[in-house]
Amino acid sequence: MPTLRLALAQVNTTVGDVSGNAALVRDWCRRALDAGAQIVAFPEMTLTGYPVEDLTFRESFVAASRAAVDQLASEVPPDLAVIVGYLDADGPARTGSDAARDRGPRDALALLHGGRVAARYFKHHLPNYGVFDEDRYFVPGDTLTVVRINGVDVAMTVCEDIWQPGGPFAVAGRAEVGLVVNINASPYELNKDDVRLPLVARRAREANAAVAYVNLVGGQDELVFDGDSIVVSADGELLARGGQFTEELQVVDLHLPAATSDDTGDFGEMLVARTALPALPELPGAAVAPRIEPRLGDEAEVWGALVTGLRDYVRKNGFRSVILGLSGGIDSAVVAAIAVDALGGDNVHGVAMPSGYSSEHSLDDAQESAKLGGLHFTVQPIGPMFDAFMANMNLNGLAAENLQARIRGMVSMSLSNQHGHLVLSTGNKSELAVGYATLYGDMAGGFNPLKDVPKTLVWKLARWRNTVSPLIPENSISKPPSAELRPDQLDTDSLPPYEELDPLLHGYIDLDMGSAALKAAGHDPALVDRVLRMVDIAEYKRRQSAPGTKISIKAFGRDRRLPMTNRFREGV
Ligand SMILES: Nc1ncnc2c1ncn2[C@@H]1O[C@H](COP(=O)(O)OP(=O)(O)OC[C@H]2O[C@@H]([n+]3cccc(C(=O)O)c3)[C@H](O)[C@@H]2O)[C@@H](O)[C@H]1O
Ligand SMILES: Nc1ncnc2c1ncn2[C@@H]1O[C@H](COP(=O)(O)OP(=O)(O)OP(=O)(O)O)[C@@H](O)[C@H]1O
Ligand SMILES: NC(=O)CC[C@H](N)C(=O)O
């Protein structure tokens with residue numbers, strides 16, 4: 001049986017940084033060569049980053065990607081077979097009514113070898129659900145490219161191709177290949193790694209071939225990619241698995257069946273095209289021992305996603321530091337802790353902004369949070385600014401309460417302008433769901449790490465993080481949540497307890513259950529009516545909220561898209 005040494009490069013690309021991504025490929029090709037690899041595979045759309053969204057419509061961007069792949073072919077080691085994702089096009093982008101087309105932008109993959117592009121493949125299945133809009137951008141490929149490498153037939157596929165039965169994997173089976181490489185940009189959501197391994201194993205059995213699945217790592221706006229690259233044998237046995245949220249090279253020796261078929265042409269759902277590479281150098285030295293990295297627990301996994309999402313948003317947008325209001329409450333303490341893990345305490349600035357309603361312990365807790373995180377801490381009382389407003393405007397009730405939140409938002413943004421820190425907002429998913437946040441107040445900010453984290457999970461994350469090392473004040477975890485916008489205010493004055501609210505929100509938001517289904521599932525009918533109304537009328541707020549890392553199956557923004565102007569009310 002021939003043996004191929006394959007490296008999977010789980011790397012962190014940046015959208016739009018074509019030359020930087022090409023440099024990354026060159027660097028990791030050298031590492032693959034040092035590890036004695038014959039083939040190295042990079043993630044989907046490596047050269048452009050993923051997702052490029054409407055950049056696809058720009059001819060100049062497509063041209064930059066195509067030029068980069070040609071140039072890269074002459075720059076990577078000529079004896080190494082390099083599989084790399086990029087944006088290609090064999091026709092113009094969609095302009096409106098041209099519904100059925102066989103040419104246009106392509107989510108493409110190139111096999112580089114011997115100083116040239118030796119083969120190409122265009123993604124066949126285009127995801128168009130959840131956060132994906134690929135029908136908007138790409139034309140599906142209809143030809144599976146099979147490359148003979150040292151006597152083994154290797155098929156190459158892109159991401160969604162592995163999520164669908166039939167299509168490229170079934171065709172690969174009929175074409176009798178020994179290995180299917182699948183390059184991915186598969187965003188993280190909680191427990192997705194539990195789905196991936198059985199999926200990859202199923203597809204291996206469907207193709208009757210070993211499968212190598214390589215995924216991106218790193219953050220891109222609301223998305224974060226967790227890596228979790230996988231290699232399985234033809235019968236679905238796990239051979240190697242990468243870590244989560246780490247850039248790394250996974251190297252594996254695969255004993256694969258010698259090629260048996262030369263058939264090409266129509267294989268049912270797709271055509272098959274074949275090509276062959278000149279012989280690659282024989283394997284040097286001893287066999288490599290593949291690694292199977294342990295899985296992270298749920299809290300560690302979500303924490304990894306939030307830290308990676310924040311770090312990359314900050315870094316890839318040219319910031320070095322962040323600023324946030326530290327109230328002494330759980331949300332700002334957890335955001336500060338995420339920021340400390342992402343950027344180091346020296347790059348995190350916490351500002352306590354006490355008003356007349358802030359309790360003494362709030363300031364102490366805020367200070368403790370800063371001390372534990374080793375972050376910069378200042379106190380900026382807002383009383384005089386509040387008084388100046390009130391002396392000039394006749395405000396009372398909610399208008400006066402919200403003024404405090406707005407002054408804090410203005411102070412944070414002013415310090416951002418002055419010192420160049422990115423402002424973090426801290427509203428969790430439960431609060432954003434029911435509109436419990438002040439527009440242009442505590443909602444002010446450039447990025448919100450907790451946007452997709454329900455309040456009950458915020459507490460769990462805090463407890464888990466403190467088991468690693470103490471970073472979040474115990475008092476912030478244990479005290480009842482309060483906005484402290486009026487005397488003795490508690491969240492429970494306006495909201496049901498979060499232990500009741502969160503499961504209801506999960507049903508309504510993440511699972512799209514209606515009022516009848518939620519009541520049938522055992523939620524208190526009066527609470528269902530009240531909460532659904534609160535969620536429905538707060539859509540305008542969510543549209544104006546800062547972006548934040550997606551961790552759930554349905555995040556506000558890219559995933560859950562609802563009209564702001566909407567008279568439909570559940571059960572009415
Ligand atoms: N459909 C629509 N489209 C566009 N804009 C719309 C709108 N409906 C109202 N608006 C605008 O929105 C305004 C109302 O929103 P907003 O000004 O935010 O004020 P509002 O939602 O009335 O009050 C903020 C709520 O958040 C709570 N809060 C504040 C701060 C922190 C926390 C916390 O603990 O985390 C909680 C606070 O106790 C209060 O219940 C209206 O005055 C109007 O200008
Ligand atoms: N006294 C304060 N000093 C500094 N920032 C504050 C203060 N009060 C509120 N903030 C900012 O506004 C955000 C919303 O705060 P608020 O305390 O009203 O609600 P919360 O959801 O209970 O948040 P937290 O749990 O952080 O207190 C806080 O997370 C914090 O960033
Ligand atoms: N880029 C893609 O095709 C990703 C789609 C796929 N279902 C995933 O989430 O992994």
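Going left to right, the sequence shown walks through residues 1 to 572 as UniProt numbering numbers them. Ideal Cβ positions, reconstructed from N, Cα and C, are used throughout, including at glycine.
Between Val231 and Val252, the C-beta gap is smaller than 8 Å, which places the two residues in contact. Under the DSSP assignment, Tyr121 falls in the beta strand (DSSP E) whose first and last residues are 116-122. Within the region 461-504, complete alpha helix (DSSP H) segments of at least 4 residues are found at 474-478, 491-494, given in chain order. Taking every protein chain shown into account, the CB of Ile83 has 16 or more other CB atoms within 10 angstroms, so this residue is buried.
Per DSSP, Val351 lies in no alpha helix (DSSP H); the unbroken beta strand (DSSP E) holding it starts and ends at 348-352.
Contact check for Trp464 against Ile330 fails: the beta carbons are separated by 8 Å or more. The shortest CA-to-CA distance from Ser414 to any of Glu401, Gly427, Val322 is the one to Val322. Distance from the CA of Val528 to the CA of Val117, rounded to the nearest whole angstrom, comes to 58 Å. In the DSSP assignment, His376 forms a beta bridge with His349. Taken in chain order, the unbroken stretches of alpha helix (DSSP H) that lie wholly in the region 162-207 and span 4 residues or more are 168-174, 192-207.
Going by beta carbons, Ala170 and Ala209 fall outside the 8 Å limit. Taking Glu206 as the centre and dropping the five residues before and after it, the same chain places the C-beta of Pro165, Phe169, Ala170, Gly173 closer than 8 Å to its C-beta, in chain order. Burial is judged here by how many other beta carbons sit within 10 angstroms of a residue's own beta carbon; Ser425 has at least 16 and is buried. Each residue's CA atom was taken as its position, placing Tyr137 and Gly104 some 9 Å apart.
Cβ-Cβ separation between Leu461 and Val302: approximately 6 Å, consistent with a contact (criterion under 8 Å).
When secondary structure is reduced to three states using DSSP, Gln367 falls in the helix class. For His113, there is no enclosing alpha helix (DSSP H); the residue is part of the beta strand (DSSP E) that begins and ends at 105-113. Classified as buried, Ile149 has 16 or more neighbouring CB atoms from the shown chains inside 10 Å of its CB.
The beta carbon of Asp193 sits closer than 6 Å to the beta carbons of Asp228 from its chain, once the five residues preceding and following it are set aside; these are given in chain order. Taking non-hydrogen atoms of ligand 1 into account, the C-beta of Asp491 is found less than 7 Å away from one of them. Two segments are said to touch when three or more pairs of C-beta atoms, one from each, lie closer than 8 Å; by this definition the region 378-397 does not touch the region 468-479. Between Leu518 and Leu495, the gap from beta carbon to beta carbon reaches 8 Å or more. Placement of the Cβ of Ile292 at a distance of 7 Å or more from every heavy atom of ligand 2 is found.
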